[in-house]
Structure formats: C-alpha cells, structure tokens
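Asks: Residue numbers (this note's numbering), protein chains in the order written: chain G, 146 to 742; chain E, 146 to 742. Note that the Cβ used here is the ideal one computed from N, Cα and C, for glycine as well.
Protein chains: 2
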Amino acid sequence: VIMATGHAQADPMLDKAAADPANWAMQAGNIENHRYSELKQITSENVKDLQVAWTFSTGVLRGHEGGPLVIGDTMYVHSPFPNKVFAINLEDHSMIWKYEPKQDPSVIAVMCCDTVNRGLAYGDGKIILGQADTTLVALDAKTGEEVWKIVNGNPKIGETNTNAPHIFKDKVITGISGGEFGVRGHLTAYDLKTGKELWKGYSVGPDDEMLFDPEKTMTWTDGKMAPVGKDSSLKTWEGDQWKIGGGTTWGWFSYDPETNLVYYGSANPSTWNPKQRPGDNKWTMSIIARDLDTGVAKWVYQMTPHDEWDYDGVNEMILADIKVKGQDRKALVHLDRNGFGYTLDRVTGELLVAEKFDPTVNWATHVDMKTGRPQVDPKYSTLQNGEDVNTKGICPAALGTKDQQPAAFSPKTGLFYVPTNHVCMDYEPYQVEYIAGQPYVGATLSMYPTPGSHGGMGNFIAWDAGTGKIVWSKPEKFSVWSGALATAGDVNFYGTLEGFIKAVDNDGKELWKFKTPSGVIGNVTTWERKGKQYIGVLSGIGGWAGIGLAASLEKSTDGLGAVGGYKELARYTELGGVLMVFALPDSVIKQTTVAAK
Amino acid sequence: VIMATGHAQADPMLDKAAADPANWAMQAGNIENHRYSELKQITSENVKDLQVAWTFSTGVLRGHEGGPLVIGDTMYVHSPFPNKVFAINLEDHSMIWKYEPKQDPSVIAVMCCDTVNRGLAYGDGKIILGQADTTLVALDAKTGEEVWKIVNGNPKIGETNTNAPHIFKDKVITGISGGEFGVRGHLTAYDLKTGKELWKGYSVGPDDEMLFDPEKTMTWTDGKMAPVGKDSSLKTWEGDQWKIGGGTTWGWFSYDPETNLVYYGSANPSTWNPKQRPGDNKWTMSIIARDLDTGVAKWVYQMTPHDEWDYDGVNEMILADIKVKGQDRKALVHLDRNGFGYTLDRVTGELLVAEKFDPTVNWATHVDMKTGRPQVDPKYSTLQNGEDVNTKGICPAALGTKDQQPAAFSPKTGLFYVPTNHVCMDYEPYQVEYIAGQPYVGATLSMYPTPGSHGGMGNFIAWDAGTGKIVWSKPEKFSVWSGALATAGDVNFYGTLEGFIKAVDNDGKELWKFKTPSGVIGNVTTWERKGKQYIGVLSGIGGWAGIGLAASLEKSTDGLGAVGGYKELARYTELGGVLMVFALPDSVIKQTTVAAK
Ligand SMILES: O=C(O)c1cc(C(=O)O)c2c(n1)C(=O)C(=O)c1cc(C(=O)O)[nH]c1-2
Ligand SMILES: O=C(O)c1cc(C(=O)O)c2c(n1)C(=O)C(=O)c1cc(C(=O)O)[nH]c1-2
Numbered sequence: 146v147i148m149a150t151g152h153a154q155a156d157p158m159l160d161k162a163a164a165d166p167a168n169w170a171m172q173a174g175n176i177e178n179h180r181y182s183e184l185k186q187i188t189s190e191n192v193k194d195l196q197v198a199w200t201f202s203t204g205v206l207r208g209h210e211g212g213p214l215v216i217g218d219t220m221y222v223h224s225p226f227p228n229k230v231f232a233i234n235l236e237d238h239s240m241i242w243k244y245e246p247k248q249d250p251s252v253i254a255v256m257c258c259d260t261v262n263r264g265l266a267y268g269d270g271k272i273i274l275g276q277a278d279t280t281l282v283a284l285d286a287k288t289g290e291e292v293w294k295i296v297n298g299n300p301k302i303g304e305t306n307t308n309a310p311h312i313f314k315d316k317v318i319t320g321i322s323g324g325e326f327g328v329r330g331h332l333t334a335y336d337l338k339t340g341k342e343l344w345k346g347y348s349v350g351p352d353d354e355m356l357f358d359p360e361k362t363m364t365w366t367d368g369k370m371a372p373v374g375k376d377s378s379l380k381t382w383e384g385d386q387w388k389i390g391g392g393t394t395w396g397w398f399s400y401d402p403e404t405n406l407v408y409y410g411s412a413n414p415s416t417w418n419p420k421q422r423p424g425d426n427k428w429t430m431s432i433i434a435r436d437l438d439t440g441v442a443k444w445v446y447q448m449t450p451h452d453e454w455d456y457d458g459v460n461e462m463i464l465a466d467i468k469v470k471g472q473d474r475k476a477l478v479h480l481d482r483n484g485f486g487y488t489l490d491r492v493t494g495e496l497l498v499a500e501k502f503d504p505t506v507n508w509a510t511h512v513d514m515k516t517g518r519p520q521v522d523p524k525y526s527t528l529q530n531g532e533d534v535n536t537k538g539i540c541p542a543a544l545g546t547k548d549q550q551p552a553a554f555s556p557k558t559g560l561f562y563v564p565t566n567h568v569c570m571d572y573e574p575y576q577v578e579y580i581a582g583q584p585y586v587g588a589t590l591s592m593y594p595t596p597g598s599h600g601g602m603g604n605f606i607a608w609d610a611g612t613g614k615i616v617w618s619k620p621e622k623f624s625v626w627s628g629a630l631a632t633a634g635d636v637n638f639y640g641t642l643e644g645f646i647k648a649v650d651n652d653g654k655e656l657w658k659f660k661t662p663s664g665v666i667g668n669v670t671t672w673e674r675k676g677k678q679y680i681g682v683l684s685g686i687g688g689w690a691g692i693g694l695a696a697s698l699e700k701s702t703d704g705l706g707a708v709g710g711y712k713e714l715a716r717y718t719e720l721g722g723v724l725m726v727f728a729l730p731d732s733v734i735k736q737t738t739v740a741a742k
Numbered sequence: 146v147i148m149a150t151g152h153a154q155a156d157p158m159l160d161k162a163a164a165d166p167a168n169w170a171m172q173a174g175n176i177e178n179h180r181y182s183e184l185k186q187i188t189s190e191n192v193k194d195l196q197v198a199w200t201f202s203t204g205v206l207r208g209h210e211g212g213p214l215v216i217g218d219t220m221y222v223h224s225p226f227p228n229k230v231f232a233i234n235l236e237d238h239s240m241i242w243k244y245e246p247k248q249d250p251s252v253i254a255v256m257c258c259d260t261v262n263r264g265l266a267y268g269d270g271k272i273i274l275g276q277a278d279t280t281l282v283a284l285d286a287k288t289g290e291e292v293w294k295i296v297n298g299n300p301k302i303g304e305t306n307t308n309a310p311h312i313f314k315d316k317v318i319t320g321i322s323g324g325e326f327g328v329r330g331h332l333t334a335y336d337l338k339t340g341k342e343l344w345k346g347y348s349v350g351p352d353d354e355m356l357f358d359p360e361k362t363m364t365w366t367d368g369k370m371a372p373v374g375k376d377s378s379l380k381t382w383e384g385d386q387w388k389i390g391g392g393t394t395w396g397w398f399s400y401d402p403e404t405n406l407v408y409y410g411s412a413n414p415s416t417w418n419p420k421q422r423p424g425d426n427k428w429t430m431s432i433i434a435r436d437l438d439t440g441v442a443k444w445v446y447q448m449t450p451h452d453e454w455d456y457d458g459v460n461e462m463i464l465a466d467i468k469v470k471g472q473d474r475k476a477l478v479h480l481d482r483n484g485f486g487y488t489l490d491r492v493t494g495e496l497l498v499a500e501k502f503d504p505t506v507n508w509a510t511h512v513d514m515k516t517g518r519p520q521v522d523p524k525y526s527t528l529q530n531g532e533d534v535n536t537k538g539i540c541p542a543a544l545g546t547k548d549q550q551p552a553a554f555s556p557k558t559g560l561f562y563v564p565t566n567h568v569c570m571d572y573e574p575y576q577v578e579y580i581a582g583q584p585y586v587g588a589t590l591s592m593y594p595t596p597g598s599h600g601g602m603g604n605f606i607a608w609d610a611g612t613g614k615i616v617w618s619k620p621e622k623f624s625v626w627s628g629a630l631a632t633a634g635d636v637n638f639y640g641t642l643e644g645f646i647k648a649v650d651n652d653g654k655e656l657w658k659f660k661t662p663s664g665v666i667g668n669v670t671t672w673e674r675k676g677k678q679y680i681g682v683l684s685g686i687g688g689w690a691g692i693g694l695a696a697s698l699e700k701s702t703d704g705l706g707a708v709g710g711y712k713e714l715a716r717y718t719e720l721g722g723v724l725m726v727f728a729l730p731d732s733v734i735k736q737t738t739v740a741a742k
C-alpha cells in the first residue's frame, strides 16, 4: 500500500504498473527492493520443466548487469556501454524502437569494474537511462524519442555511471561512480518531468553540501540515536582530503512512502591505502536515509569506519516488515560487503542486528552493538600492518561477501535469498598520488577461494535477518554475481558466472538449471503475459568478478586483483550479451492449472 | 560406401567419424555435401516439442556462418574474425581447450562480405582452421596445440579466407576470397600431415597454372563433351587482365571417391564493370572437377560467360545418385547464383538440366542446352546498356537466387531443400582502376524484394533436380541465408535472418520455429549423444545480406548494394554470436520410442 505522506506527487503510471505482478516495472520489482513476485505458475514442483521461450541478443559484449523491464506488451532491454536501449514488442519480439546514445569511448578507461549498467527506470511514460558518461536521458516510452537529457558528472575526472536510476514519485534518483579515481560521491534527485536538478547530497564534506542537519540528522551513538553534530564528516578527514574522498553511490536505492525516506549506501573512501587518509572518513561506508523531497539526511550509520579493505557500503537496502528478535519491526536489511548482515529500524535508524553472513569472515571479530563499530582483528588490519606490507588471508576479499548482486526477500517465508562471494585476499597498500582522471587506488590485491572451505568462490544462502543467522548455504564454484529472485511459487532463482541460471526451493535444494550463452551477472526477473509466467535474465560475463574476460586482462593482480582469482572462468564461458526468457511448456501449465483446481 | 580408387590414402579417423550419424564430422555432414542425417528421433510429429538444450556464446559478434563439428564427446566451434576455436566437452559444456590466433585486424577492411568463416575441418586427429588472413593452421584435436601452419595468400593484395577447409583423404583443400579486389582465384591442396603444398590450380590464366590439360580437360561443346583446347582461359581475356581476373574459390567443395574428383565453383570475374573485361572470362563462373591427387581438371563448365551481374559460381556442388529425366545418373546438382539449377553428370561433366529455381529470374530467358550458354535478355544486360547507365529490375540481385547458404539433399525423398533469395537489383557499372589491395568493384547497386511477388526477400524451396522443377516454395520475409538440414525424420531445418530456426516437413509445412538471439546465417546440423538427437545452429547476423548491421553501414548502396535492401532487418535483430542447441524433452523421447515399438 502506497501512502503519500511527503509532498512529492506519486507517479500514477508507475504505481499502477508496479502494482500488477504481470509487469516487472522497476529493477527490483518494487520500491522496497524485494525482488519478489506474487506469480506462482512456476512452482517448486514444475520448475524442472522450465524451457527457453525466446532469446534476444543485445549486440554488445562484456558484463550485462540489471534486467529488463516489462510493462504490458512492451519490454525494455538495456546494454552495457554503449548503453543501447531496446523497446521490444512482446507479441512478435520485433523492436518497437531502439536508442543508441553517442558516447566518447574514453569513458571505458575510467570505469573501474567493467562497462556495466544496472538497468533502466520506467515512470511518467518515460524510460530513464543513465549512460556510462553520466548523461541521464529520459526517452518517450512509446517512441524512444528524447524528452530531456542532463549531465550528472564528468568522466574526465573519473566520474562515471553504472547505477540504475530509480524513480520514486516525481523524482529520478541517481548516484555516481569513481571511488577508484578519487570521485566524491553524491546522490542527486532530478525532476522526472523536466530533468531539472532538485537536490544533491554528498556523502562527505561540509554539512550543507551533504544536506546533513547537525541537530536533526541522527546516528547510532552509545546504544541509541543521537544527532551527528556539526561537521560530522569534516572532522573525520585530514585537511582537504574529503574533496577526493570517495563515498560514491553506485548501488541500488530504495524508498518507503511512509517515512518518505530514500535509503542507499555510500562506497569506500579513496584511496585504498588507509595510511593516506587518517580518520573515520565519514560518511563513506554508510547507510544514509534522506527525505525524498528535500534530500536532507534523517539518519546515517557507518558500517566500516576508516575502511582498510575496499568494503564499499553500496549494497541494496531491503525494506521489510519482519520480526526482529521477536519484535515486529519496520526493518531495513543490508548485507554489506564487509561480511556483516545488518538489520536496522528504517524509521529511526537504530541498529538491531549485525552478524556475519559468511562464518569465514575474519577481518573483524564482531560488531560492537553499542558503538556500532566492527572489532577489527589487528592481524588483518592493512593499516596496522602498514604500507608496502602484504597482509594475507583477509576474508572477505575486496569484492566482499556480497557485492552489487542484489538479494531477494520473500514475504512468504520471511527470509532473504542472498547471492554471495566466498573469496579471500592478500592486500598490500602503497603510497599513491592523486591525479585527476587517473586511478587513485594505492593497493595491490590477490584474490582466491576461501582457504579451508568447500573450494568454491561463492554460496547462495538463505538469511534470517531477524536473528542474524544463515538458514542454509548452497556452495557454488564461483561467486554468485547475479541478482536473486524469490517467488510465491516457492522457487528462488539466481545465475552463476559459468552461465547457469538455477532454481532452488525454499530449502535451497537445486531443482533446475540451464546453461545460458555466457556467464550470468544479470538479475533474474519474472512477469506474466497471456496467462503464462516468464522468467528472464541477461547472460553476459563481466563485472568486477568477470573483468579478466571482459577486458582481456591476464595478469593475476590486474583488474584490481580479480583477474587471478577468477581465471578458471575462461574454461567455462566467453563474452556474450543475450536476454534469455524461460517459460513452462503449455502441457505443463495445463496440468498445473488442473491440479490447482 | 567409400571406395579408394585414387592414390591418396583415406583418413581412417575421419572416415570412421563421418560414417557414424551420431557425429557431424564435416561441415556438410558428408563429402557429397548432402547435409542430410540418418537420425530420426526428431520427427515431423514431435518436432513441435523441440526445446533449447544448451547454449554457448562465442564471445564474438558479426556474421556466424558454418556450424559446429561433433566427434564423439567433443564439439568444435569456430567464430568469425578473430577466428576463435573452442573444443567443448559435451558432458558438462566446459571448454577442453580454446585457440585464438593473433591476426592483423587490417584484414577486416579487405573482406568483401563480413568477417565470416564457414567452419572447421576434422581429420587425422587434427582440427583445421582457415583464418581470415589466409593462414591455414592444423591444431591437435585433443590439446588445441598447433601442429602445422602455412600461409595461403596475402591480405595486402586483398587475398582473404572465409571458406571452410575440406579434408578429402590425405589432403586439405582450400580456396581463396577477394574477387572484389581483383584477386586471381585458385584451389590449393595441402598435405594433411605436414601442411606441405601439393598442388594449386588457378581458375584463370595459362593452362599449366590452371592445371588444365588442353587435350584431356573436357567441357560441354555443341551438345557433347570435347577438350577445352590450348589456352582456353587466356583466349577469353584481353591482354593481362586475367592476372586481376577474379574467379575466386570461397565456397564449398565436394568429393567423389569413385571418380577421385574434387568439385567446386569459381566466382565472378573482376571488375563488376563488364565493359572493362571483354570476353568470356574463362574459367570464372564455372564448375570445375579436379583430380584429388594431381589437381588436374577433368572437366569444366562455365555457367555465366562474361558475367555482368556478379553471379559468382561458388555455390556448393551436391553429389547425388538420382534419376535425371528418367535415367539413373551419377549427378552433380548445383543451384547457381544466376538463378538456374544445374544438373550435370559428375563423371563426364555433361549438362543434363538447367532450369530456373525462381520463376522470376529475368536476366536470361533460358539456358541453351546445346551450347550450355544462358540466353541473356538485352534489357537486363549491364554491358549492352553500358557504363554509367543504371540497369533496373534485374532479377536476381547480385547475391543471386542463392548465395553461400548451402542446400540439403534427402536421399529419402530424392529432393533438394534450398534456402533462396528473392531479391532484384538496379546495377550501374562504372570505370574503375585496379590498385592492389583496394576495392576493384566498378558498379553501384541497389537491392529490393522481387517486385510484384509476395513482398518477401526469400523462399525456402524443394527442388527436383531430375526434372528442374520447383516442388514447393515457402515464402520468407528475408533471404534465407542459413544452410539447410534434411533428416530421416522427415523434418528439414533452416534459419532466417530475423533469427528464427524453423522446421518444415517434406511438403514445406512449417512445424516449429524458435527465435534465437540474433539473425541466423549458420548452417543447421544434427548429432546424437547418449540416445538423444540434437540440432545445432549458430546465431549471429551478418554475411553479405546482414552487412549493414554487421559493419554499421547505413547508406543504401553501401555494402555492395545490400544495405538498403535489408535495412528492415534492424527492426528484428541485433548482432550476436551464440551456438544454440536443441533437443526433445525426455518425456517426448520416451513416448516416441514407445510408439515406434
Ligand atoms: O567506488 C566506486 O565508485 C565503484 C564503482 C563500481 C561501479 O560503478 O561499477 C564498482 C565498485 N566501486 C566496486 O567497488 C565494486 O566492487 C564493483 C563491482 C562492480 C560490478 O559491477 O561488478 N562494480 C563495482
Ligand atoms: O568474390 C569473392 O572473393 C567473394 C568472397 C566472398 C566471401 O569470401 O565471403 C563473398 C563473395 N565474393 C560474394 O560475392 C558473395 O556474395 C558473398 C556472400 C558472402 C557471405 O558470406 O554472406 N560472402 C561472399
């Protein structure tokens, strides 16, 4: 139920489209980031019969993240750079229109983790595309014609875009990438009708630029919420370092109409060499809740103060009304890169749960629930071990126990289905100088499967966010870099880097798998048309985990350390770019329907 | 039955592999170029249930011609430039090895009709790859290691390779591309064991370089076979023009162990401006039969003397023992680009049948059966109309009633299943100068669907080569640029440029279709593994018909005139490069097996 308490006007077109489970009208299925569908033609009984219904090549190689949108008879598919957009007629799979922006390809060199794009947004009769070069363009959903176009950043200083713009009410919300280039992150709201900038909230810097109210912006302090106070960010940086301090905003955003708050995370502080930036580096690595209308932060919580491992805090915030430690809560659930699964009260920002969602996480022993700070194990502190020292065996690796691959929440089971990494690293920080538009990394990394474990680099897990416990964990050979889908049919889907799409039941039992053309880092989606439920996923290896293949890198420590760890991938898959669509055969649907009666 | 009458040693490995219908050991399924399989698990009854079994992205975009080879548990897949080769373990679809040659990408600019490659050859434990840059490389089939490597031409003067090498006994046979660059074509035999050149027969030039014996090389003359005589080629060219005279050999080759003859066709004379090269331009546009051991031509037949329309004669020669005009014949059947379907006696070279396989062919009224020459309609003679005059409404267009897309022959029905074009053109020749390595075309073309017909640009037809009659013709929106497959299950397959793979019964009734990721210009193949019959096809738009998409060309007359004609393709498909594999669901196979008992 959407209750407009803020001043923003709801977008009736989007609200209507999103309310119908036959559509998949936003990247996460809903504004709460559930990636859950009420559709249940495909069940744990019949999913074994799932078949490929049709396919569509985007004509682009490299990593295909995000997924298609489906609104009525039209599907909207996007591609990585050069960020093509296709409107596909679902009747005959021909193209209604296609759009290909002209972009300076030099932007590719300043994209840290492949030329990915996490998808389109739909609202007010428009399709919003965030181009790699930070151009945000609104296309007429019917014709593909440009309605408005603005520029959100400057690739010449390393600012790029990979995030999916999100439409909440009358606003388009977008972030910015470039933490590996010293970009100072911000979340920005544009007017959906005109593209006019409405507000911009930086992650770091002076209060007014962060839209932080020293008195009213709250944070978890000594076991309760308290105002952040004046210069809460500036105080945690040395001199002007915040100006190249990172805290980019390249992940997923969610929105609660009741609180009128937008929830998202900020990424790592720049550089990766912690020695060079003393202090907590606030508010990098933080969950931030901002008023949709004004952008003012209502509350904030920093997960990894003074990051020493590149544990960006951008992973999605899932808004769920669940029991937490026995009590009904309006919760925000966030499975962070640092390996802790956090549950907060999304209204107040109170910290409720913070537990490891991979037991092998070792950089911190636990999170102190009073201060909210992780207790760092000095053995794995790249700061304490110092510059030019290779700290070995840190778990998780820089790409975290989970990276951008979004989890799904099933209101039916109350559980979170989480695609995870099971990777550790060696990390050697070194002195680096900031030069605008050049990498500002300052660390050499090697990654490898978690030692002494099942040998694989990933798990697909079920997470109980109310207690902070792993319910089950299904090992995978490689990181599960694809977004999950949970359904009312008691089947959960995800893709693998080798290229499988898999279905598991609510107990994690594998029921079906299919080998798609390339590795899967897209997010699984579902929709219905003419009485048939479809499952869709983009197949196309890449992203950080697949950067070796995507960018033809061979040195183990290249690709920010990912190349060596994932080198075996080359035995399983090649680049691609294909939307795969699945459905049950008519005969099975008939049986299912009969059985249901 | 293979009877070795020549001196060449049979290759037992290939013979054994090819004899087993569970394999698909050569591009055409057999040396007679049948593209027919004895497999019949998939029938006209159950083909409607065909489903995608697995998929594999090659990581390369642009036109994917040819098809995979299957030998036992291993599949060998190739790609267009850069001509990757993958050995795939059919048990788990992982790669056993992959090979990627380093080639100077400047070769792309001298490939007339996309960066296609028509596939690999298997024999003597080796996989033979013909690279775009004319390097011919033998790889160890088990390890992918290079066994030998030779160079067959020089891209700097426009010599390139797109043809599939063919292995006949102990030899690798390959041709050369570059007719649009004044390349003088030749067929060359290399030793399968060592890569040593054994013989080379040019299409045009002095007798000794053509390996023509003035007394023993025969041709159809006044209703019977007679020796070609001395200087049979030189006499039909002005001065040295034969040196840049074309007659390239980029098509398919076949072999009859009984006659020990290799059969193939030669392409157009260069330039496309007929005024600049008076004479019959022998032996361009010809069917040539050469002794496998010596390369000496036993007979030759020119289909289009003094070409004025670019009707390359390279289409495949299908060797079939059929009734021709009531008499049992060892026939050679050739559906030529010029729109005539030819049936010859493959032992003697006698002309038996020459009839239009598209009734709208208009450039010639008929073939004079005594002289073997087409009777040109002066209205469509680009020579008679002259330079800088646009001759309009010529049917077929330059890409012919059929281009490289190979037909299938079913010994069961005795019919040929032929993918065809249904396209006409305007053709305006102009003066052009030869500059080595530069296009030597000399004509501006426009292409369009055959006027006054069904509106589409293609047909899939059944052809009776014994009588020269179309048995049925199934219209298609675009040219059928994919190779056909006929099966003992009474189902015939082909792909379409929009991206469908289709199955029709022996009467041309469409039984099934599936939308693959991209347009299909690959050739459909079939094999069996663990009791299951599979159908495979490469999906990836390109080739001459798809050059607008493949090379991002937009001007109508670009791409040698193909861009305008096929511009609507952009509404249906994007570039891709995916192997699609299909099979029946287990439940259907069980039913079929039960029913068969
Ligand atoms: O700091 C940044 O600005 C930034 C940007 C991105 C991005 O935009 O893709 C990634 C990361 N960091 C990053 O740390 C990371 O692990 C990552 C993975 C991926 C991906 O798509 O696979 N992108 C990014
Ligand atoms: O004259 C030549 O050497 C030559 C080469 C090729 C080739 O190698 O692909 C084609 C042609 N000509 C040609 O005329 C033609 O229609 C054609 C179509 C295609 C194709 O793969 O779609 N190649 C070629």
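(1) Tell me the residue span of the alpha helix (DSSP H) that contains G:Ile318.
(2) For the stretch 197-209 of chain E, which residues have a beta carbon sitting closer than 7 Å to at least one beta carbon of chain G?
(3) Considering only DSSP beta bridges, list what G:Arg435 is partnered with.
(4) For the pair the stretch 364-373 of chain E and the stretch 444-457 of chain E, tell me if three or more CB-CB distances fall below 8 Å.
(5) Quick one: using the 10 Å Cβ neighbour count with 16 as the cut-off for buried, is E:Ala254 buried or exposed?
(6) Do E:Phe201 and E:Val726 have their CB atoms nearer than 9 Å?
(7) Would you say E:Gln576 touches ligand 1, meaning its beta carbon is less than 8 Å from a heavy atom?
(8) In whole angstroms, what separates the C-alpha of G:Gly410 from that of G:Trp454?
(9) State the Cα-Cα distance for the pair G:Ile463 and G:Ala552, rounded to the nearest angstrom.
(10) Any idea if E:Leu642 is buried or exposed, counting beta-carbon neighbours within 10 angstroms, 16 or more meaning buried?
(11) Should G:Lys735 go down as buried or exposed, given a rule of 16 or more other Cβ atoms within 10 Å for buried?
(12) Assign G:Val478 to one of three DSSP states: helix, strand, or coil.
(13) Using a Cβ-Cβ cutoff of less than 6 Å, which residues in the same chain neighbour E:Gly484 once the five nearest sequence positions on both sides are dropped?
(14) Would you say E:Leu477 faces chain G, with C-beta separation under 9 Å as the test?
(15) I'd like to confirm something about G:Ser322: is its beta-carbon nearer than 8 Å to some heavy atom of ligand 1, or not?
(16) Taking 9 Å as the threshold (beta carbon to beta carbon), is G:Val723 in contact with chain E?
(17) Who are the Cβ neighbours of E:Tyr717 in its own chain at under 7 Å, not counting the five residues just before and after it?
(18) Can you tell me whether E:Arg716 is helix, strand or coil according to DSSP?
(19) Using 8 Å as the threshold, is the stretch 629-638 of chain G in touch with the stretch 574-582 of chain G, meaning 3 or more CB pairs across them?
(20) Less than 9 Å between the C-beta atoms of G:Pro157 and G:Ser182, yes or no?
(21) Can you tell which of G:Tyr221, G:Thr280, G:Val733 and G:Glu236 has its C-alpha closest to the C-alpha of G:Lys243?
(22) Select from G:Gly298, G:Trp365, G:Lys369 and G:Asp652 the residue whose C-alpha is nearest the C-alpha of G:Tyr347.
Replies: This is what the structure gives:
(1) Unbroken run through G:Ile318 is the beta strand (DSSP E), Lys316 to Thr319; no alpha helix (DSSP H).
(2) Val197, Trp199, Thr200, Phe201, Ser202, Thr203, Gly204 and Leu206
(3) G:Val407 and G:Ala442
(4) yes
(5) exposed
(6) Their beta carbons are under 9 Å apart, which means E:Phe201 touches E:Val726 by this criterion.
(7) Every heavy atom of ligand 1 is 8 Å or more from the Cβ of E:Gln576, so no.
(8) When only Cα atoms are considered, G:Gly410 and G:Trp454 end up about 16 Å apart.
(9) Distance between the alpha carbons of G:Ile463 and G:Ala552 is about 8 Å.
(10) buried
(11) exposed
(12) strand
(13) Cβ neighbours of E:Gly484 within its own chain (closer than 6 Å, five residues either side excluded): Lys501, Asp503, Val506, Pro541 and Thr546.
(14) no
(15) Flag set: Cβ of G:Ser322 near ligand 1.
(16) yes
(17) Glu643 and Gly644
(18) helix
(19) no
(20) G:Pro157 is not a Cβ neighbour of G:Ser182, given a cutoff of 9 Å.
(21) G:Tyr221
(22) Sorting G:Gly298, G:Trp365, G:Lys369 and G:Asp652 by C-alpha distance to the C-alpha of G:Tyr347 places G:Gly298 at the top.
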